[in-house]
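Data first, discussion second: the structure below is written as structure tokens.
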Ligand SMILES: Cc1cc2nc3c(=O)[nH]c(=O)nc-3n(C[C@H](O)[C@H](O)[C@H](O)COP(=O)(O)O)c2cc1C
Ligand code: SF4
Ligand code: SF4
């Protein structure tokens, strides 16, 4: 039932909800995963796929870090995929000093119905020296070459990045153009979480976004969702409080059941991403809408036509008594408004159906935007 509630699909992967366990080297293996079968996604690893990265990992262990080390890395990866099969949707986070082991890992992941995640995030000097981890962010042509080759295997493919290392929008666009399915963003910033990076990537790509960093409760998860994340992932907090995954799954499930759009954006004037144009008023006053329309490459007249065309013959066309005479221009369901609620009641439209229609409207608007790719 929960599967249908969320309807998340990324190629052959269908996570049952948008809550993920993020990888922690030396910790998140198939055994660790047994405790988190309620998660929509468990990202195992990071696994070192070749001799150079395993040797680098040994040096890291010598200075106190945890790592998964193996003399037969691809056999180890295979045994992990076999052991974790059936828990929930599985991804494997991997590092290598060259492309060949990544291609073998991709084939294995696909064979086991798992997602492959390339670690372009690790900043341990031993890995970076090998050209692995974060070194890939600083060599976008090589990163894109890896993505293109890996995607030829047919695997569902994620790229894990750390924000604020390079220009995130340019990076995300390059990752999308090269053919990756998912961008997993550690929204790390020297001053805390950079929620703006999620919004910037949402506004410039159609990639499936996993938002990550400092998620400790549903409030922090909602910040990521309402700025454009399709899924959120949790690492350190899982170790402090292993029940956090169950709690987040429970809360996001309740929220989705009540509202029908778990990652609905904040209103544009509240800092939301461009999907929030679905909640905007008629463009008749000076407000943040005009900046958003400019960014989307849509004139005010086109905006009125796009929304009106979509709403024709749908239940949101009506809305006697609302600010603009049609629910096409009405706010999010979580914004209390008795005018809209009475229009919903007269039309026999539930809150969930209203929000689902608004979600389709946002997709329709963005199809007409000229900023895309
Ligand atoms: C001990 C530890 C090991 C980690 N190992 C990996 C790894 O192998 N691959 C990876 O992509 N990220 C790794 N990470 C980063 C986490 O997946 C996550 O991006 C980061 O901790 C921020 O999320 P959080 O605030 O939920 O912990 C590691 C983090 C920790 C704390
Ligand atoms: S049109 Fe309305 S919802 Fe949109 S930014 Fe302006 S005031 Fe906010
Ligand atoms: S009627 Fe209520 S929901 Fe609709 S635009 Fe006005 S304030 Fe927003």
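In the working numbering, the protein residues as written are 7 to 379. Think of the CB as a built atom: it goes at the ideal place given N, C-alpha and C, for glycine as much as any other residue.
Problem - Residue span of the alpha helix (DSSP H) that contains residue 392, given as start and end - result: As shown, the chain starts at 7 and ends at 379. That puts residue 392 outside it, with no answer to give.
Exercise for the section: Name the one or two DSSP bridge partners that residue 237 has. Expected result: Residue 237 sits at position 231 when you count from the first residue of the chain shown. In the DSSP output, where bridge partners are listed per residue, residue 237 has 216.
Handout entry: Beta carbon of residue 74 nearer than 8 angstroms to that of residue 32
Key = Locating residue 74 in the chain shown gives position 68, counting from the first residue. Locating residue 32 in the chain shown gives position 26, counting from the first residue. Contact: yes.
Practice task
Just mark residue 330 as buried or exposed, buried being the case when its beta carbon has 16 or more other beta carbons within 10 Å.
Solution key: Counting from 1 along the chain shown, the entry for residue 330 is found at position 324. By the neighbour-count rule (16 or more Cβ atoms within 10 Å), residue 330 is not buried but exposed.
Handout entry: Short Cβ contact (8 angstroms threshold) for residue 229 with residue 201
Key = For the purposes of this step, residue 229 is taken as the residue at position 223 of the chain shown. For the purposes of this step, residue 201 is taken as the residue at position 195 of the chain shown. If you check the CB distance, residue 229 and residue 201 come in under 8 angstroms.
Problem - Distance cut-off 7 angstroms: residue 309 Cβ against heavy atoms of ligand 3 - result: To locate residue 309, count along the chain shown from 1; it is residue 303. No.
Practice task
Ignore the nearest five residues each way along the sequence and tell me which others in residue 219's own chain have a CB closer than 7 angstroms to its CB.
Solution key: Taking the chain shown and counting its residues from 1, the one referred to as residue 219 is at position 213. Answer for residue 219: 192, 193, 194 and 199, listed in chain order.
Handout entry: Given 8 angstroms, three or more beta-carbon pairs between the region 32-41 and the region 203-223
Key = Verdict: no, contact absent.
Practice task
Classify residue 344 as buried or exposed, calling it buried when 16 or more other Cβ atoms lie within 10 Å of its own Cβ.
Solution key: Reading the chain shown from its first residue, position 338 is the one you call residue 344. Classification for residue 344: exposed.
Practice task
Apply the 10 Å Cβ neighbour rule to residue 263 and answer buried if 16 or more other Cβ atoms are within range, or exposed otherwise.
Solution key: As a position in the chain shown, residue 263 is number 257, starting the count at 1. Exposed, by the Cβ-count rule.
Problem - As assigned by DSSP and simplified to three states, the class of residue 273 - result: Within the chain shown, residue 273 is the residue found at index 267, counting from 1. Residue state, collapsed to three classes: coil.
Practice task
Would you mind working out which of 183, 132 and 362 sits nearest residue 65, comparing C-alpha positions?
Solution key: Against the chain shown, residue 65 aligns to sequence position 59. Among 183, 132 and 362, the Cα nearest to that of residue 65 belongs to 132.
Problem - Sufficient close CB pairs (3 or more, under 8 angstroms) joining the region 116-133 to the region 161-175 - result: Put simply, the region 116-133 touches the region 161-175. At least three CB pairs are less than 8 angstroms apart.
Exercise for the section: Report the residue from 362, 247, 322 and 186 whose alpha carbon sits nearest the alpha carbon of residue 267. Expected result: For this step, residue 267 is matched to residue 261 along the chain shown. Selected option, being the one with the closest Cα: 362.
Practice task
Would you kindly report the start and end of the unbroken alpha helix (DSSP H) that includes residue 283?
Solution key: For the purposes of this step, residue 283 is taken as the residue at position 277 of the chain shown. Element bounds for residue 283: n/a, residue is neither H nor E.
Practice task
Spell out whether any CB of chain D is found under 8 angstroms from the CB atom of residue 67.
Solution key: Although the question refers to chain D, the structure presented lacks it and comprises just one protein chain.
Problem - Of the residues 337, 57, 248 and 333, the one placed nearest residue 136, counting alpha carbons only - result: If you number the chain shown from 1, residue 136 lands on position 130. Considering only alpha carbons, the answer is 57.
Practice task
Quick one: using the 10 Å Cβ neighbour count with 16 as the cut-off for buried, is residue 197 buried or exposed?
Solution key: Residue mapping note: residue 197 aligns to position 191 of the chain shown, counting from 1. The residue is exposed, with fewer than 16 neighbouring Cβ atoms inside 10 Å.
Problem - Residue range of the alpha helix (DSSP H) that includes residue 209 - result: Translated into positions along the chain shown, residue 209 becomes position 203. Where residue 209 is concerned, the enclosing alpha helix (DSSP H) stretches over 201-210.
Problem - Unbroken beta strand (DSSP E) run spanning residue 160, endpoints - result: By one-based count along the chain shown, residue 160 stands at place 154. No beta strand (DSSP E) contains residue 160, which DSSP labels as neither H nor E.
Problem - Close Cβ partners of residue 339 (< 7 angstroms) along its chain, the five nearest in sequence each way excluded - result: If you number the chain shown from 1, residue 339 lands on position 333. If we look at residue 339 and ignore the five residues flanking it on each side, its Cβ neighbours are 265, 357, 360 and 361.
Handout entry: Span separating the alpha-carbon of residue 51 from that of residue 241
Key = Taking the first residue of the chain shown as 1, we reach residue 51 at position 45. Taking the first residue of the chain shown as 1, we reach residue 241 at position 235. Roughly 12 angstroms separates the two Cα atoms.
Practice task
Indicate, with yes or no, if ligand 1 has a heavy atom lying under 7 angstroms from the CB of residue 218.
Solution key: Here residue 218 refers to the residue found at position 212 when the chain shown is read from its first residue. Yes, the beta carbon of residue 218 sits closer than 7 angstroms to at least one heavy atom of ligand 1.
Exercise for the section: Compute the distance between the beta-carbons of residue 59 and residue 138, then report whether it is under 8 angstroms. Expected result: Residue mapping note: residue 59 aligns to position 53 of the chain shown, counting from 1. Residue mapping note: residue 138 aligns to position 132 of the chain shown, counting from 1. Cβ atoms of residue 59 and residue 138: closer than 8 angstroms.
Practice task
For my contact list, residue 235 and residue 215 are in at a C-beta cut-off of 8 angstroms; report their separation, rounded to the angstrom.
Solution key: Here residue 235 is taken as the residue at index 229 of the chain shown, counted from 1. Here residue 215 is taken as the residue at index 209 of the chain shown, counted from 1. That belief holds up - the Cβ atoms of residue 235 and residue 215 are roughly 5 angstroms apart, short of 8 angstroms.
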